[in-house]
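Quick note, the sequence shown lines up with residues 431 to 875 if you use the working numbering.
C-beta: ideal position from N, C-alpha, C; glycine also.
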Amino acid sequence: MYSSISHHLFSFLTMGTTNSDFKLVGYSNFVRINPKSDLFPVKRFHHIEFWTGDATNVSRRFSWGLGMPIVAKSDLSTGNSVHASYLLRSGNLSFLFTSAYSPTISSSSPSSASIPTFNPSQFTSFLTAHGLAVRAVAIEVESADAAFDTSVSHGAIPCSPPTHLPNGVALAEVHLYGDVVLRYISYGKDTDASSFLAGFEEMPEEASFRGLDFGLRRLDHAVGNVPELGPAMEYVKKFTGFHEFAEFTAEDVGTSESGLNSAVLANNDETVLMPMNEPVYGTKRKSQIQTYLEHNEGAGLQHLALMSEDIFWTLREMRKRSGVGGFEFMPRPPPTYYRNLRGRAKGVLSEEQMKECEELGILVDMDDQGTLLQIFTKPIGDRPTMFIEIIQRIGCMVKDESGKLYQKGGCGGFGKGNFSELFKSIEEYEKTLERKSVADDANAA
Ligand SMILES: [Fe+2]
């Protein structure tokens, strides 16, 4: 019920902000500055929670397909009769899969839930509306209480006020977009940060896929699709203080085929990157964002970009499992894409690496700072909605105060250039096929 109230409240609020301050200026006019304007200290992406009809099966599929061992559980076997939850982890990347137990059994011991914000009736309506989808984008903050209070006093719609768990973890939630919440999580000084939430226990070895590792290390960006970018950006910007990091419009892409406008919000360190897309209309093909909004019944999380320490390793492992329970990828670009790439990526990628990109179907894009290697899976569930991106960023190494090298966030951009590169290479490729069929006809004659 809370969710439908907040929904109405949200549409009411956004109605009043049609004169929002947020305006797209386009990729070439956009000037990147970092005003370090966060309203509360933000550390990093912490975890992503999916809501699903069956957490056991879905968590195992993700574990196997992405090389992420199942490290912890909270379910009937640990005394939780409200929800089944499984935690997957690879490096600093954590995925949580949650499903509800029988309403009758669950209502007889509601306090056995280990995720204090879990609400069975919200879960049911969420699942009906969206299918398998992301419920929470969790970020680690210095204090969940302060983050929640500050956000709400700056216009965030509250979903769950702060709860303090016995292991010193605090949790709170505000509305992000659609039925997705932004979850604030903080750890007390003496809390072991690897302990996750109280009530979770280590997964027994026989069910944990222990030892699986394809090189995924952390979440790079979490992207939302919304009907209107202006009000959605303005809403999040206002209550987090995040700054605009990058943007592009359908016109920037140079072909009207992208069907989307996009903008990115970032925290002070630019390690929490939250792009959002809106559909544009009047293109030959229907906007993929519009398709998403229809199948997802509104706004929601579109894709998660997972950063690999070695994208070739990750892709070799993932592709091995595509046909046997893992994830499938979007069709590979035509050979013309890789012929053009040799000019574009000279000096950054070796001939060997370019060959490997072609073999694995990896796309390459650059911005003024660095290079981005990226590839997209097909939708991960029944609906043409959510998918996963695997990335590796090259370049932008800088030193911190202690002299330690680190990579600047968002190095190489988000793949804007690939829209037009793919479009161009497909056109060129189709021309080579025309020539081939003319030649074949001549041979046949
Ligand atoms: Fe992305």
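Within the segment 631-716, the complete alpha helix (DSSP H) segments of 4 residues or longer fall at 659-670, listed in chain order. Here DSSP, grouped into helix, strand and coil, assigns Asp812 to coil. Distances from the CB of Gly800 to the heavy atoms of ligand 1 are all 8 Å or more. Proximity of the segment 557-573 to the segment 808-824 meets the contact definition, three or more beta-carbon pairs being nearer than 8 Å. Cβ contact annotation for Thr593 (same chain, cutoff 8 Å, sequence separation greater than five): Pro546, Thr547, Ala600, Leu601, Ala602, in chain order.
Distances from the CA of Ala586 to each of Gly641, Phe527, Thr670, Gly509 were compared; the closest alpha carbon is that of Thr670. If you check the C-beta of Glu674 against ligand 1, you find no heavy atom less than 8 Å away. Following the DSSP letters along the chain, one finds Glu786 inside the alpha helix (DSSP H) bounded by residues 781-790. By the Cβ rule, the segment 692-700 does not count as touching the segment 601-621, because fewer than three pairs are nearer than 8 Å. Taking 8 Å as the cut-off, one finds no heavy atom of ligand 1 near enough to the beta carbon of His584. Residue pairing from DSSP leaves Thr482 without any beta-bridge partner. In the structure shown, Pro588 falls within a strand segment according to DSSP collapsed to helix, strand and coil. Contact between the segment 645-661 and the segment 474-484 is present: 3 or more CB-CB pairs across the two stretches fall below 8 Å. The distance from the Cβ of Ser520 to that of Met498 is about 4 Å, consistent with a contact at the 8 Å cut-off. Excluding sequence positions up to five before and after Val653, its CB lies within less than 6 Å of the CB of Pro705, Gln732, His733, all in the same chain and listed in chain order. Judged by the Cβ position, Ala693 fails to qualify as a neighbour of ligand 1 at the 8 Å threshold, every heavy atom of the ligand being at least this far.
Residue side-chain check: Ala735 places its Cβ nearer than 8 Å to a non-hydrogen atom of ligand 1. In the DSSP annotation of this structure, Met737 is not part of any alpha helix (DSSP H); the continuous beta strand (DSSP E) holding it starts and ends at 730-738. Lys829 is bridged by DSSP to Leu835. Residue side-chain check: Glu708 keeps its Cβ at 8 Å or more from all non-hydrogen atoms of ligand 1. Within 10 angstroms of the beta-carbon of Leu802 lie 16 or more other beta-carbons, which makes it buried. Distances from the CA of His584 to each of Pro540, Leu557, Ser542, Val666 were compared; the closest alpha carbon is that of Val666. Taking C-beta atoms as the reference points, Leu703 and Ile820 fail to come closer than 9 Å. Secondary structure of Gln822 (DSSP, three-state): strand.
Under DSSP, Lys503 takes part in a beta bridge, and its partners are Tyr516, Glu631. At the C-beta level, Ala502 and Phe626 come within 9 Å of one another.
Counting only residues of its own chain and dropping the five nearest sequence neighbours on each side, Phe757 has a CB closer than 8 Å to the CB of Gly495, Leu496, Met748, Arg751, Thr807, Lys808, Ile810, Ile818.
Between the segment 712-729 and the segment 480-491 there are fewer than three inter-stretch CB-CB distances shorter than 8 Å, so the stretches are not counted as touching. When DSSP states are grouped into helix, strand and coil, Thr528 belongs to the strand group. Relative to the Cα of Leu454, the nearest Cα in the group Leu690, Thr679, Pro763 belongs to Thr679.
If you check the C-beta of Gly845 against ligand 1, you find a heavy atom less than 8 Å away.
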